[in-house]
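*Asks:* In this note's numbering, the protein residues as written are -14 to 130. Backbone N, C-alpha and C fix where the C-beta goes; we use that ideal spot for every residue, glycine too. Since this is a predicted model, take the numbers as computed values, not measurements.
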């Protein structure tokens, strides 16, 4: 009969070996590995739904085998993707890792995402229409001297 304690030790040793192997990869490779794992495991990422605020803490807790900084990096990469930004621009509910609604996208967040979705030409035009800072006459007199 096998010792149940032995199985636990083997799993722990296997987990430690896996963690060591993962950490021997480059940071970029590790981040890509984390992304592949997260997109396969959590529908909220696959569907590019607006994420719950503070979801990084839940994700780090769910993935103790990965470096927390790299989990955060993967999350930042996800949130910069155009498809995710468009999802925020539509507004509506935010979702947790289990795809359960846990809040809403604020009007400010929605507006910021809408601005990020604009084509570059429109962004430049919007920036040109913004009020320009007034020229300080004293500073311009100094430059002429």
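Measure the C-alpha to C-alpha separation of residue -3 and residue 46 and round it to an integer number of angstroms.
*Replies:* As a first step, residue -3 must be located in the chain shown, where it is residue number 12. As a first step, residue 46 must be located in the chain shown, where it is residue number 61. Distance between the alpha carbons of residue -3 and residue 46 is about 18 Å.
*Asks:* When you compare the stretch 2 to 22 with the stretch 65 to 83, are there three or more beta-carbon pairs, one atom per stretch, that lie closer than 8 Å?
*Replies:* No, they do not touch.
*Asks:* Give every residue of the same chain whose Cβ lies closer than 8 Å to the Cβ of residue 62, excluding the five residues on either side of it in the sequence, and list them in chain order.
*Replies:* Residue 62 sits at position 77 when you count from the first residue of the chain shown. 16, 20, listed in sequence order.
*Asks:* Let's test the definition: count the other Cβ atoms within 10 Å of the Cβ of residue 74 and tell me whether it reaches 16, buried, or not, exposed.
*Replies:* The residue you call residue 74 lines up with position 89 of the chain shown. Its Cβ being crowded by 16 or more others within 10 Å, residue 74 is buried.
*Asks:* Quick one: what does DSSP say residue 89 is sitting in, helix, strand or coil?
*Replies:* Residue mapping note: residue 89 aligns to position 104 of the chain shown, counting from 1. It is a strand residue.
*Asks:* Using the C-alpha atoms, what's the distance from residue 50 back to residue 11?
*Replies:* By 1-based counting over the chain shown, the position of residue 11 is 26. By 1-based counting over the chain shown, the position of residue 50 is 65. Those two C-alpha atoms are separated by around 15 Å.
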